[in-house]
Amino acid sequence: MAEKRSSVDVVLVGFGWTAAIMAQELTEEGLEVLALERGGWRDTGTDFPTTHAPDELRYYWRHGMFLETARETQTFRNNRNQIALPIRRWGSYLPGVGVGGAGVHWNGQTFRFLPSDFIARTHNEERYGPLPDEMTVQDYGVTYDELEPYFDKFEKLCGISGKAGNLQGRIVEGGNPFEGWRSDEYPNPPMEMTFAQNRFEAAANELGLNPFPAPSANMSRGYTNPLGVQLAPCTYCGFCEKFGCGNYSKASPQTTIIPVLMQKPNFTLRTHCEVLKVLKDRNGERATGVTYVDAHGKEWEQPAEIVILCGYQLSNTRLMMLSGVGETYNPRTGEGLVGKNYTYQVMSGVDIFYEEEFTNQFIGAGALGMVVDDYNGDNFDHSGLGFIGGAYIASWTTNQRPIESHPVPEGTPEWGVEWKRAVQKNFLKHTSLSVHGASMAHRENYLDLDPNYTDHWGRPLMRMTFDFTENDRRLSDYITPIAEEIAQNMGGREINVNQYTDDTYDIVPYQTTHNTGGTIMGQTPADSVVNRYLQSWELHNLFVMGAGVFPQNAGYNPTDTVAALTYWSAQAIRQQYLRNPGPMVQA
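Residue numbering for the sequence shown follows this note's numbering, beginning at 4 and increasing consecutively.
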């Protein structure tokens, strides 16, 4: 029997980017906020000092920052005719755990979605005609114009380094001419580019494309954010993704919000507390709180006036299912919404090897890059192409970590003397281009509870059913050759093209930790789990944050849009919900 604790105004489930933002905003409103994090405390000075932060064995190979699959994992299959099997070791994506969540080990690539991404169904059908029945793409229910102030707020919180391309409707040279309008310039200038970005920029310009420096949460200079928290200039060490930053140079919850938040008397954080269920009242109209288990295995009931799910996308979706909030999606009938529209990212790349030139990729940072957006979203005419959506093409210099990185040309033996010679020859003379594509929702790609496998608490695991669609394959087949052409113009000795969509989706090789959908937002209870303010249609005091609310995934990294939606939701809670608790959108 769970022991009952004293009630709080707000309980946050998870404590990463979205929870830190929510906690900061709602404590400013005077509310008593409690965050429950199933992982441990992590602080820059004590957990990521430069003496051991760049430990590849600990963090890359042994997955020191990620959820332990022995405690919780997912099962996976490509289609519903297969039996899903448990993921025993993370591969394609890397769910984080602990204070700061995935915001600790991200690269810092901070793109805004395009205005057309928020009205994907309306925009594409108006321009190209009806979408296929099996494509369950839909509009977000909120527009870019409404979110713009919150994009700006997050970018200033993080000290994003970049160059505006559309400043208040005026196209600015050197930035991204395709981006949505922005009210202000980036708070910091772009990062210093290296050999690879300079070659990419020249090659892209020769092809008539529009290269621009990537927006980066790695600091191009020292910065003090609006909360008074200081960040230091990036040292270009190349240990961002999968690692915490020991230099205070990468924006994360630890380096932007948490130092301020932890000083507040109306905020409490409890670590090693795993939430098992969202509780509902007898009428099933309100959430009354959550039950959780602490580090000693003791079960507690935590009452709260507002419950906000701030875990990773897969965790939020599963918790909704385990709690009986909403109906789980059934692809056979099309009924149910929780778990619907699971999407990912369509990735491909081109390796470039040089004979004489040294690329020195070890001088890098998570978001050090040059990008072209000419083929992203609907920035180009899709007439007759048979797909919607697009991708950015980028030259990233993120790392050359020796355990993780040993690129060799195609045809090299996988081991032995010849492989070692190839690694030695090419280690300092290699770079690559990335194609980072949209993933459009499809009827057969979804999440539900597995009927066979359980976690360490005996609860069903999340089951993922996903494969690349015809839209994905056509998108990749069209844009990857453009990246190949840029690569050929960069003057290397030889190139390799790597295209994941040539086969079925494989859960083993790492691609990206951009899992989206499952708790989708929309305009009515008939097409979405949450409304435009990320408020549950079923329980008006339950809110769901994160990329799970995306009805489909755009061709960008999701964090900036996740954060903007969180600020948007927090503002609605502060200005509307607290004054008149109840549904903020009438069904």
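The beta-carbon is built from N, C-alpha and C at its ideal position, and this holds for glycine as well.
### Pro-216 versus Arg-173, Gly-168, Asp-187, Cys-240, residue with shortest Cα-Cα distance
Taking the sequence shown and counting its residues from 1, one reaches residue 216 at position 213. The candidate whose alpha carbon is nearest that of Pro-216 is Gly-168.
### Query
Counting pairs of Cβ atoms below 8 Å between the region 96 to 112 and the region 362 to 374, do you hit three or more?
yes
### Message
Am I right that Val-296 and Val-263 are in contact with their C-beta atoms under 8 Å? What's the rounded C-beta distance?
### Response
Against the sequence shown, residue 296 aligns to sequence position 293. Against the sequence shown, residue 263 aligns to sequence position 260. At roughly 29 Å, the Cβ-Cβ gap does not stay under 8 Å, so Val-296 and Val-263 are not in contact.
#### Entry: Local conformation of Pro-484 per DSSP, three classes
For this step, residue 484 is matched to residue 481 along the sequence shown. Three-state result, Pro-484: helix.
### Task
Less than 8 Å between the CB atoms is what I'm expecting for Glu-334 and Tyr-449, so what's the real figure, rounded?
Mapped onto the sequence shown, residue 334 falls at position 331. Mapped onto the sequence shown, residue 449 falls at position 446. Here the sequence assigns Pro to residue 334, which means Glu is not the residue at that position. Yes, they are in contact, since the Cβ atoms of Pro-334 and Tyr-449 sit about 6 Å apart, within 8 Å.
### Bounding residues of the beta strand (DSSP E) (the contiguous stretch that carries Arg-535)
Your numbering for residue 535 matches position 532 in the sequence shown. Run containing Arg-535: none; DSSP gives neither H nor E here.
### Task
Kindly list the residues whose CB is nearer than 6 Å to the CB of Asp-381, restricted to its own chain and excluding five residues on each side of it in sequence; keep chain order.
Here residue 381 refers to the residue found at position 378 when the sequence shown is read from its first residue. Excluding residues within five positions, the ones whose Cβ falls inside 6 Å are Ser-119.
#### Entry: Reduced DSSP category for Cys-243 - H, G, I as helix; E, B as strand; rest coil
Locating residue 243 in the sequence shown gives position 240, where the first residue counts as 1. Correct three-state label for Cys-243: coil.
### Query
In the DSSP assignment, what are the bridge partners of Ala-56?
The count along the sequence shown starts at 1 and reaches residue 56 at position 53. DSSP output for Ala-56 lists no bridge partner at all.
#### Entry: Cα-Cα separation, Leu-272 to Ala-38
Walking along the sequence shown from the start, residue 272 turns up at place 269. Walking along the sequence shown from the start, residue 38 turns up at place 35. Their Cα atoms are separated by approximately 5 Å.
### Query
What's the C-alpha gap between Ala-486 and Gly-241?
Taking the sequence shown and counting its residues from 1, one reaches residue 486 at position 483. Taking the sequence shown and counting its residues from 1, one reaches residue 241 at position 238. Answer to the nearest angstrom: the Cα atoms are 24 Å apart.
### Proximity winner among Glu-541, Arg-65, Thr-472, relative to Gly-339 (alpha-carbon distances)
Working through the sequence shown from its first residue, we reach residue 339 at position 336. It is Glu-541 whose Cα lies nearest to the Cα of Gly-339.
### Query
DSSP state of Met-350, grouped into three classes?
Here residue 350 corresponds to residue number 347 of the sequence shown, with the count starting at 1. It is a strand residue.
### Task
Determine the burial state of Trp-460: buried for a count of at least 16 other Cβ atoms within 10 Å of its Cβ, exposed for fewer.
Here residue 460 refers to the residue found at position 457 when the sequence shown is read from its first residue. Exposed, because fewer than 16 other Cβ atoms sit within 10 Å of the Cβ of Trp-460.
### Query
Between Phe-114, Pro-52, Pro-306, Ser-326, which lies nearest to Phe-2 when the distance is taken from Cα to Cα?
The first residue shown for the chain is 4 and the last is 590, placing residue 2 beyond what the model contains.
### Query
Pairing CB atoms from the region 140 to 151 with CB atoms from the region 250 to 262, are three or more of them under 8 Å?
no
### Query
Curious, which full-length beta strand (DSSP E) runs of at least 3 residues does the region 291 to 355 contain?
302 to 312
### Query
So, helix, strand or coil for Gly-166, using DSSP?
Looking up residue 166 in the sequence shown gives position 163. Before going on, a small fix: residue 166 reads as Lys here, not Gly. DSSP places Lys-166 in coil when its eight states are reduced to three.
### Message
Going by beta-carbon coordinates alone, are Val-140 and Met-443 separated by less than 8 Å?
### Response
Working through the sequence shown from its first residue, we reach residue 140 at position 137. Working through the sequence shown from its first residue, we reach residue 443 at position 440. Yes. Within cutoff.
### Query
In whole angstroms, what is the alpha-carbon distance linking Gly-389 and Asn-474?
As a working mapping, residue 389 is identified with position 386 in the sequence shown. As a working mapping, residue 474 is identified with position 471 in the sequence shown. Cα to Cα, Gly-389 sits roughly 7 Å from Asn-474.
#### Entry: Leu-545 - containing beta strand (DSSP E), residue span
As a position in the sequence shown, residue 545 is number 542, starting the count at 1. Start and end: 545 to 547.
### Task
Report the three-state DSSP secondary structure of Ala-368 (helix, strand or coil).
Along the sequence shown, one-based indexing puts residue 368 at 365. Three-state result, Ala-368: coil.
### Query
Span of the alpha helix (DSSP H) holding Arg-130?
Residue 130 sits at position 127 when you count from the first residue of the sequence shown. 123 to 131 is the span of the alpha helix (DSSP H), which, as asked, contains Arg-130.
### Query
Which runs of the alpha helix (DSSP H), 4 residues or longer, sit entirely within the region 416 to 447?
420 to 429
### Task
Sort Arg-404, Phe-365, Thr-346, Thr-400 by Cα distance to Glu-447 and report the nearest one.
Counting from one through the sequence shown, the residue named residue 447 turns up at place 444. Closest by alpha carbon: Thr-346.
### beta strand (DSSP E) segment containing Phe-69, residue limits
Position 66 of the sequence shown, counted from the start, is the residue given in the question as residue 69. Element bounds for Phe-69: n/a, residue is neither H nor E.
### Query
According to DSSP, which residues form a beta bridge with Glu-277?
Start at 1 with the first residue of the sequence shown, and residue 277 comes out as number 274. BP columns for Glu-277 point to Val-296.
### Query
Taking Cβ positions, are Gly-94 and Tyr-315 nearer each other than 8 Å?
Within the sequence shown, residue 94 is the residue found at index 91, counting from 1. Within the sequence shown, residue 315 is the residue found at index 312, counting from 1. In this structure, Tyr-315 does not lie closer than 8 Å to Gly-94 by Cβ.
### Task
Could you check how far apart the C-beta atoms of Thr-468 and Arg-80 are, in whole angstroms? I think they sit under 8 Å.
Position 465 of the sequence shown holds residue 468. Position 77 of the sequence shown holds residue 80. With 8 Å as the limit, Thr-468 and Arg-80 qualify as a contact, their Cβ atoms being about 6 Å apart.
### Asn-250 (DSSP reduced to helix, strand or coil)
In the sequence shown, residue 250 corresponds to position 247, counting from 1. Correct three-state label for Asn-250: coil.
### Message
Does Glu-413 come out as helix, strand or coil in the three-state DSSP assignment?
### Response
By 1-based counting over the sequence shown, the position of residue 413 is 410. DSSP places Glu-413 in coil when its eight states are reduced to three.
### Query
With a Cβ-Cβ cutoff of 8 Å, do Ile-498 and Val-353 count as a contact?
As a working mapping, residue 498 is identified with position 495 in the sequence shown. As a working mapping, residue 353 is identified with position 350 in the sequence shown. Contact: yes.
### Task
Please state whether DSSP places Val-374 in a helix, a strand or coil.
As a first step, residue 374 must be located in the sequence shown, where it is residue number 371. Val-374: strand per DSSP, three-state reduction.
### Query
Is it true that the CB of Gln-364 sits closer than 8 Å to the CB of Gln-403?
Residue numbering aside, residue 403 sits at position 400 when the sequence shown is read from its first letter. Residue numbering aside, residue 364 sits at position 361 when the sequence shown is read from its first letter. Yes, they are a contact pair.
### Task
Report yes if the C-beta distance between Gly-103 and Ser-219 is below 8 Å; otherwise report no.
Residue 103 sits at position 100 when you count from the first residue of the sequence shown. Residue 219 sits at position 216 when you count from the first residue of the sequence shown. Contact flag unset, no.
### Message
Considering only the alpha carbon of each residue, which of Ile-311, Glu-304, Val-341 lies closest to Arg-321?
### Response
Locating residue 321 in the sequence shown gives position 318, counting from the first residue. Ranking Ile-311, Glu-304, Val-341 by Cα distance to Arg-321 puts Val-341 first.
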